[in-house]
Amino acid sequence: MKKQFCFDYEHYAALAELPEADRKLVAEAERATANAHAPYSKFHVGAAARLRSGKILYGSNFESEVYPAGLCAERTLLFYAQANYADDPIETLAIASNPSDRECYPCGQCRQVMVDVERRQGSPMRVIMSGHGTATVLDSASRLLPFTFIL
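Number 127 in UniProt numbering belongs to position 127 of the sequence shown; there are no gaps in the numbering.
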């Protein structure tokens with residue numbers, strides 16, 4: 001039996017086309033790239049999340065000499081949010097990188113954790129992937145990982 005999986009998403013050819021709240025969140029993610037510790041890859045990633053309360057949280061990637069002990073910006077932020085704001089759901093997560101030659105997409109581990117967060121908080125989390133002056137927006141992190149692991 002052949003089946004098909006497809007979904008809708010929004011693509012913005014210029015960040016100026018994003019709604020104001022999303023533009024601000026992308027700018028915060030871009031700002032978070034300055035806190036990244038990426039001496040090996042030189043690829044600085046920042047993430048910013050807007051919680052239901054309106055609070056903004058930040059994360060950045062951290063590389064370690066004992067590879068693969070580093071951590072991506074998205075998971076840095078998501079684990080921090082769980083530890084400190086478990087009762088304040090994440091509504092939107094923005095991702096940015098420096099250099100920004102293209103939109104910054106999350107790795108597989110981050111995608112799984114993003115879906116785990118959605119399950120735990122009982123609501124979808126919008127995801128904005130930005131870079132090189134453009135952005136792609138998904139209405140749920142689950143769109144990034146259609147055949148997600150479930151224990």
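All C-beta atoms in this analysis are idealised placements derived from N, C-alpha and C, irrespective of residue type, glycine included. Predicted model only: the values in this text are computed from it and were never measured.
Using a Cβ distance threshold of 9 angstroms, S60 and T33 count as a contacting pair.
Distance between E103 and A83, taken at the CA atoms: about 28 angstroms. A direct Cα-Cα distance of roughly 24 angstroms separates P106 from D87.
Between the segment 137-150 and the segment 107-115, the count of Cβ pairs shorter than 8 angstroms is three or higher; the stretches touch.
Under the DSSP assignment, T76 falls in the alpha helix (DSSP H) whose first and last residues are A73 to N84.
Taking all protein chains shown into account, Q109 has fewer than 16 neighbouring C-beta atoms within 10 Å of its C-beta and is therefore exposed.
Annotation for R102: no alpha helix (DSSP H) segment contains it, and DSSP assigns it neither H nor E.
Beta-bridge partners assigned by DSSP to G131: T134. If you draw a straight line from the Cα of L57 to the Cα of E30, it is about 13 angstroms long. Burial check for M129: the Cβ neighbour count within 10 Å reaches 16 or more, so the residue is buried. Residues of the same chain with a CB within less than 6 angstroms of the CB of T148, apart from the 5 flanking positions on each side, are V115 in chain order.
Judged by DSSP secondary structure, G59 falls outside any alpha helix (DSSP H) and instead within the beta strand (DSSP E) spanning I56 to S60. Checking the DSSP bridge columns, you'll see A48 partnered with Y58 and A94.
With a threshold of 16 other beta carbon atoms within 10 Å, G46 meets it and is buried.
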